[in-house]
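Report on the structure given below.
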Amino acid sequence: MGLIKKLPVYTEHIPGGSLVTTSVNSVLTMAQAKSLWYLLFGTACCAIELMATGASRYDFDRLGMIFRASPRQADIMLVAGTITKKMAPRVKRIYDQMAQPRYVLAMGGCAIGGGPFYYDCYSVLKGVDKIIPVDVFVPGCPPRPEALLQGCLEVGKKIRTLKLDEWS
Amino acid sequence: MTKAELTAHITTTFSGQVTVIENTQPEPYFIVKPEDLVAFARFIHDDSALQLTFLMNLAGADTGERYEVVYNVCSYQLKHRIFFKIQLPHDNPEFDTVIQVWPGANWFEREVWELFGMTVRNHPNLTRFLLEDDWNEGFPLRKGWTGTDFIPLPDRG
Amino acid sequence: MAEELRTEDMTMNMGPQHPSTHGVCRLVLTLDGEVIKDCQPVIGFLHRSIEKMCENRTYAQCIPLMDRFEYCTSMSCNWAFCLAAEKLSDIKVPERGEYLRVIMGELNRIASHLIFVGVTPMDCGALTPFLYTFRERERIMDLFEMTCGQRLTYNYIRIGGVAKDIPPEFIPKCREFLDIFEEKIRDYEKLLVDNPIWIARNKGVGIITPQLVYDYCISGPSARASGVNFDIRKNDPYSIYDRFDFDIPLGTGGDCYDRFNVRVNEMRQSARIVAQALDHLPDGEIRVKVPLKFKPNPGEVYSRRENSRGEMGVYLVSDGSTKPFRIRARGGSFSHLQAVPHIVKGLKIADLVAIFASMDIIMPEIDR
């Protein structure tokens with residue numbers, strides 16, 4: 001948005017057209033932030049809210065986000081649902097298969113810190129950030145679709161602040 | 001059949017020994033000896049007046065003094081139901097499988113073995129399925145079990 | 001060209017992360033080319049030990065945990081648990097509370113079947129019904145949100161009644177939804193029922209015989225599609241279901257096509273029940289006064305409910321204290337997944353996807 005407002009300042013009119021100067025970093029990070037393709041990784045209840053966010057009322061596609069089933073084709077992993085200790089090595093494996101630059105959004109109480117399954121539970125991993133680095137946490141049980149959309153916009157804002165050599 | 005008719009039919013017709021538990025629910029409740037389990041299951045499944053073909057639930061329980069395995073069965077055709085259970089001692093809990101009567105009991109029995117530690121004789125595939133593959137902390141649903149990474153709920157009165 | 005073709009069997013993994021496994025289920029397939037020779041489900045990836053947790057919580061604290069047992073129909077799970085606790089202590093729920101429970105339970109059944117009607121064609125490749133059905137589902141979520149504040153895990157049905165009364169705008173909005181719903185069901189049918197691709201993918205695929213239904217204790221719409229007429233609401237009525245007039249849709253072939261049609265017709269019947277309940281909704285109390293630390297009489301009880309996926313049962317043992325001694329919650333999918341390896345032998349992988357989707361299996365019921 002900042003680039004478009006300042007466009008008249010940076011534009012030079014030359015015969016036959018015009019020229020815009022900007023930095024490669026801001027164009028590439030804007031392109032990345034506006035088209036994050038997410039990996040369908042719903043395990044539990046939050047997966048239903050993820051599907052509802054992708055449906056027609058709260059549309060993910062207007063933010064440029066479309067679902068992909070394969071980790072090789074995805075930019076962001078939306079970890080939606082409880083991660084058990086049996087599932088944890090598989091989560092790590094799928095995260096390793098994603099190509100860089102890759103981002104992770106932890107959706108729901110269970111993915112953040114165990115959620116309602118923190119006490120008296122012997123099989124739940126209490127937070128997915130114990131095995132993979134998480135960029136944005138979206139709290140809720142399950143979070144509303146609007147909260148999830150805001151979480152994805154926050155990931156976009158975070159991407160805009162990164163420098164080229166920090167992409168990893 | 002009503003509760004009284006079911007109780008009367010089963011206690012008079014079954015060849016082994018069956019104890020009736022008094023309860024306030026509409027289903028009759030029996031205690032069967034572990035040795036008679038398969039014969040009892042076959043009897044209630046095949047008998048034309050009972051036809052108890054639908055195994056609704058098979059659950060294990062740890063009462064503190066002994067283990068119990070509870071069976072809740074009902075009939076698709078005649079629409080009545082009964083409960084029965086077997087009681088096993090703490091030091092050697094073993095019982096026979098009823099897969100030959102109800103093939104759908106397969107995973108129920110596997111779960112009872114995995115979470116309580118009760119061995120099921122003649123089961124085709126008694127392997128771990130709910131817990132992690134390298135689980136070595138005992139049997140979680142027994143009373144008084146605690147494991148590593150088990151944070152109990154604080155008691156706030 | 002004189003090389004010999006290698007024809008040994010291949011073992012392939014349809015892993016826990018897969019768009020068509022409806023949650024985290026792993027299927028280990030033994031394949032001869034594209035034909036399945038054996039299929040072994042590996043489960044336990046969502047084992048959250050709800051039963052052990054319930055043993056250390058009061059009855060009121062168990063209800064939100066039971067929500068997560070089967071999140072597509074949380075009202076059902078709440079209701080099954082409350083039925084069990086009420087049976088132990090002979091609590092009689094007031095009339096308005098019963099009618100509200102029926103309205104919410106049936107709306108929840110419609111919402112769950114809408115997920116099914118949206119996601120099953122998606123597995124077979126048709127993406128449009130998903131967008132249509134979730135649009136209707138959002139209207140039901142609006143109704144639930146205005147009543148209890150939540151969209152998915154409601155914690156609404158409590159021991160002795162329901163938590164809150166419906167606001168005045170609920171009834172007109174619900175009637176508006178029911179008025180347009182029949183036309184929307186016809187839209188879904190226009191897209192799929194006579195569609196040659198849908199018929200080729202589903203008709204004659206994955207036939208479940210009545211003998212398989214009896215052997216593996218299959219219940220719910222999957223059993224009714226094979227012709228077994230068994231619905232707990234008619235055969236073993238609980239609550240006030242004997243006052244309503246509704247039909248039980250039955251199928252004849254037991255294939256995927258019939259299972260789909262049975263569920264679509266069940267949505268119509270549920271809408272009929274909700275309309276009748278709204279017409280006869282009485283005034284009065286919604287809940288009987290029950291102490292916060294509820295102590296039922298000691299005993300054992302098994303309460304069952306007709307859920308959208310089969311029979312939902314709760315076996316509850318109480319020792320007279322404020323915490324349940326043992327809970328064993330039983331969902332329909334636990335038995336259905338045991339039958340899947342017997343249905344898919346000899347079929348192709350694409351058929352496995354269609355069968356898995358049509359059985360409407362959901363993993364938290366299996367793993368708990």
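Protein chains in written order, with the working numbering: chain A, 1 to 168; chain B, 1 to 157; chain C, 1 to 368. Just so you know, even glycine gets a beta-carbon here, dropped at the ideal spot from N, CA and C.
C-beta contact flag for residue i and residue j at 7 Å
i	j	result
B/F83	B/P34	no
A/T21	A/R160	no
C/R30	C/T322	According to the sequence provided, residue 30 of chain C is Thr. The question's Arg does not apply to it. No; because the gap between Cβ atoms is not below 7 Å, this pair is not in contact.
C/M363	C/L46	yes
A/I119	A/K126	Note on residue identity: the sequence assigns Tyr, not Ile, to residue 119 of chain A. No. Outside cutoff.
C/G313	B/N125	no
C/R139	C/F177	yes
B/T53	B/Y76	yes
B/E109	B/V120	yes
C/I361	C/H342	no
C/V340	C/D123	no
A/A47	A/G81	yes
C/E4	C/E365	no
Helix, strand or coil at residue i [DSSP, three-state]
i	result
B/D62	strand
C/P41	strand
C/G161	strand
B/T13	helix
C/N13	strand
C/L143	helix
B/K85	strand
A/V20	strand
C/H18	coil
A/M107	strand
A/H13	strand
C/S318	strand
B/F54	strand
C/Y154	coil
A/A31	helix
C/D109	First, the amino acid is wrong: residue 109 of chain C is Arg here, not Asp. Looking at C/R109 - three-state DSSP - the assignment turns out to be helix.
A/F67	strand
Interface residues of chain C facing residue i [CB-CB closer than 8 Å]
i	result
B/M56	C217, Y302, R304, E311, G313 and R330
A/P142	R151, L152 and T153
Interface residues of chain A facing residue i [CB-CB closer than 7 Å]
i	result
B/E132	K85 and K86
C/S49	C121, Y122 and S123
C/Y99	Within 7 Å Cβ-Cβ: nothing; C/Y99 doesn't reach chain A, min ~27 Å.
Status (buried if at least 16 other CB within 10 Å, exposed otherwise) for residue i
i	result
A/E146	exposed
C/T147	buried
B/I21	exposed
C/H113	buried
A/L164	exposed
C/G23	buried
C/E370	It is not possible to answer for residue 370 of chain C, since the shown part of chain C is limited to 1 through 368.
A/T84	buried
C/N374	In this structure chain C extends from 1 to 368, so residue 374 of chain C is not present and cannot be described.
C/Q269	buried
C/E51	buried
C/K190	exposed
Chain-ordered neighbours of residue i on chain B, where CB pairs are closer than 7 Å
i	result
C/S335	G104
A/Y118	I151
C/Q338	G104, N106 and W107
Residue i: contacting residues in chain B (beta-carbon distance under 8 Å)
i	result
C/K52	P140 and L141
C/V228	Y76
C/Y214	T53, F54 and Y76
C/G15	Neighbours of C/G15 on chain B: none; closest Cβ ~15 Å, over 8 Å.
C/G299	N23, T24 and Q25
Proximal chain A residues relative to residue i, where beta-carbon distance stays under 8 Å
i	result
B/G170	Nothing about residue 170 of chain B can be reported from this structure: the residues present for chain B run from 1 to 157 only.
Per-residue contacts from residue i into chain C (C-beta, under 9 Å)
i	result
B/K79	F230, N235 and D236
B/Q100	Those within 9 Å of B/Q100 in chain C number zero; the least Cβ separation is about 11 Å.
Within chain A, the residues that residue i reaches when beta carbons sit closer than 9 Å
i	result
C/R135	A55, S56 and R57
B/G144	Those do not exist, as B/G144 stays about 14 Å from chain A at its closest Cβ, beyond 9 Å.
Amino acids of chain C, ordered along the chain, whose beta-carbon sits closer than 7 Å to that of residue i
i	result
B/Q87	Near B/Q87 there are no residues of chain C at all, since even the closest Cβ is about 13 Å away, more than 7 Å.
Under 9 Å from the C-beta of residue i: neighbouring residues of chain B
i	result
C/I43	W107, F129 and L130
Open item on the list: To test your reading of the DSSP string, which unbroken alpha helix (DSSP H) runs of 4 or more residues are found completely within the segment 200–248 of chain C?
Closed with: 210–216, 221–224 and 232–235
TODO: Would you list, in sequence order, the uninterrupted alpha helix (DSSP H) runs of no fewer than 4 residues that lie entirely inside the segment 62–93 of chain C?
DONE: 74–89
Task: 4-residue-minimum alpha helix (DSSP H) runs that sit fully inside the segment 251–314 of chain C, ordered along the chain - done: 256–279
Task: 4 or more residues per run - each alpha helix (DSSP H) lying fully within the segment 71–152 of chain B - done: 106–116
Task: Continuous alpha helix (DSSP H) assignments of at least 4 residues falling wholly in the segment 82–156 of chain A - done: 88–97 and 109–113
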